[in-house]
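Numbered per numbering that gives the first Met the number 0, the sequence shown spans residues 0 to 171.
We treat Cβ as the ideally placed atom computed from N, Cα and C, and that holds for glycine.
Right, one structure below, let's go through it.
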Amino acid sequence: MKSPFRKVIGIDPGKGGGISVITDEIVRVHNCPKTVNDMATLIGLCLNDVAAYRTKVFMEKVWAFPTDGRAGSFTFGENYGQWQGVLASHELNPILVTPKIWQSHFDIKKGLPKDVRKRILKKMAIDKCPETKGITLKTADAILIAIHGIEAHLSTEYDLPWVDPTKMEKVP
């Protein structure tokens, strides 16, 4: 059975994160909006002409660490909750994916310093989507979260995935 989904959205929900939109024709990236109103507007634009039930969202599941400051933890959690609310208001039910799960899908070594890991992830996103403009340290994770969703979830749930993100063309 062919997948009913026509669009995949990947979200790295941190203030320094991003959002990616993958269809059978394009990959687009955006920095994380600064306000909840801008988040809602961006999701509306990302949906555009594709119904919510034909859109799959994969969002990184995040949490605060004991070493995080109180203000930082609050802001982090607030941003995460805002994304969940915006998605729910658009009738989108995200699949939450931990960093460990989606990064292990791409064989990212454990224990790398954050700056080294981020550069590797950015290069990987550029290699997988070479025609996409605007891939940065902020948006690379969002692309890879979406690609993980396509490869690990949609490609296993349906006989024929609707897009091969590494080739950016329809799968025959």
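- Between the region 24 to 43 and the region 94 to 108 there are fewer than three C-beta pairs closer than 8 Å, too few to call the two in contact.
- Around the CB of Val28, 16 or more other CB atoms lie within 10 Å, so the residue is classed as buried.
- The residues Lys6, in chain order, have a CB closer than 6 Å to that of Thr22 in the same chain once the five nearest residues on each side in sequence are set aside.
- By the Cβ rule, the region 6 to 15 counts as touching the region 136 to 149, because three or more pairs are nearer than 8 Å.
- In the structure shown, Val56 adopts extended strand secondary structure according to DSSP, grouped into three states.
- Taken through DSSP and simplified to helix, strand or coil, Lys117 comes out as helix.
- Between Lys109 and Leu136, the C-beta spacing is not below 8 Å.
- Taking C-beta atoms under 8 Å as the contact rule, Val85 and Met123 fail to qualify, at a distance of about 27 Å.
- Ranking Tyr79, Thr54, Ile18, Cys45 by CA distance to the CA of Lys60 puts Tyr79 first.
- Comparing C-alpha distances from Ile18 to each of Thr40, Phe4, Ile107 shows the shortest one belongs to Thr40.
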